[in-house]
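full-length UniProt numbering puts the first residue of the sequence shown at 1, with every later residue one more than the last. A virtual CB, placed ideally from N, CA and C, is assigned to each residue, including glycine. Fair warning: this is a prediction, and the values are worked out from it, not measured in the lab. Accompanying notes for the structure given below.
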Amino acid sequence: MNTHSCQLLSVHMDAVSDTGPQTYHGWLYYERKIDGTMPTTTTVDVETTVLSTETTQTTFDCSIWHYRFGHWYLLDSNYRTFNDSRTFCASLSPPAYVIEVQSQADNDWLSELTSTLCEAPGEYWLNGYDTDNSGTFTWIDSQTPSTYTNWYQPTGEPNDSTGPGSEKCIASSTGYMGVWVDIPCTVTRPVVCERNF
Ligand SMILES: [Ca+2]
Ligand SMILES: [Ca+2]
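Shown next as structure tokens:
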């Protein structure tokens, strides 16, 4: 139709998605301007093609501290022994300690941070230590026993696999549901440091 004698009233388009170029349908509502008579409304079917749409993706920065559950956390993907990891965390400013996992939510967050957000699944040091080879671990900085645990059952962790006292440290396997294993403190693993403020 000739829309020169019309006045555009409104435009209705289908919702635009971000799945790439595609055809959208919509309607333009015109009001025909005719002197001396009542305006009539006409609907025009139109087609437009969306060539591209932009999506904004926010990038998670794995090199900075992140706040969760009242504490701050920093991932460091360098492999160190347990003692060197403790020294590394303590050397940060403000000083931190190796992550202590006191709940399922804590363990899920460790997996989310390392595996999901930073795409670096693996075994990460936990700050527990088995002083008397009893299989009961104490959080070194909190000085509390690890009441929440997530031991990997099929191999009977904690199992001191090469003899009593051979595995006095713990790691959480963040790519595998965050299950825990006791391992020798002298092997090297990456670490997540934690601080309270
Ligand atoms: Ca052990
Ligand atoms: Ca073990």
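Residue from the options whose Cα sits closest to the Cα of residue i
i    : options               : result
P190 : D61, R80, V179        : R80
F197 : T114, A90, P95        : P95
W139 : L75, Q102, W72        : Q102
G178 : W151, P145, C169      : W151
T58  : F69, S172, T144, L117 : L117
E112 : C62, I170, P184       : C62
S146 : G122, F69, I99        : I99
D132 : G70, G165, F88        : G165
F60  : T149, E119, C169      : E119
Identified DSSP bridge partners for residue i
i    : result
S76  : Checking the sequence, you will find Asp at residue 76 rather than Ser. Answer is V191.
R68  : H71
S172 : Y124, W180
W139 : G128, T144
V98  : C193
W151 : W180
Within 8 angstroms, strictly: CB atoms of residue i and residue j
i    : j    : result
E167 : D182 : yes
V192 : L75  : yes
S115 : G175 : yes
D141 : N127 : yes
Y129 : A171 : no
G135 : P158 : yes
F69  : W109 : yes
Buried versus exposed call for residue i [16 or more other C-beta atoms within 10 Å across all chains shown]
i           : result
N83         : exposed
Q22         : No answer about Q22 holds up, because its pLDDT of 46 lies below 50 and its placement is not dependable.
T162        : exposed
W180        : buried
A90         : exposed
Y73         : buried
Y30         : Residue placement at Y30 cannot be trusted, given a pLDDT of 45 that sits under 50; what the coordinates show is reported in the next sentence. So Y30 counts as buried.
C185        : buried
Y67         : exposed
H25         : With a pLDDT of 49 at H25, under the threshold of 50, the modelled position of this residue cannot be trusted, and the question is left open.
residue 207 : Missing from the structure shown is residue 207; the chain here goes from 1 to 197 and no further.
Residue i: CB within 7 angstroms of a non-hydrogen atom of ligand 3
i    : result
T162 : Here the bound small molecules are ligand 1 and ligand 2; ligand 3 is not part of this structure.
Which residues end up in the neighbourhood of ligand 1 when you take C-beta atoms closer than 5 angstroms to any of its heavy atoms? Going by the Cβ distance cut-off, the answer is D130, P158, D160, E167, D182.
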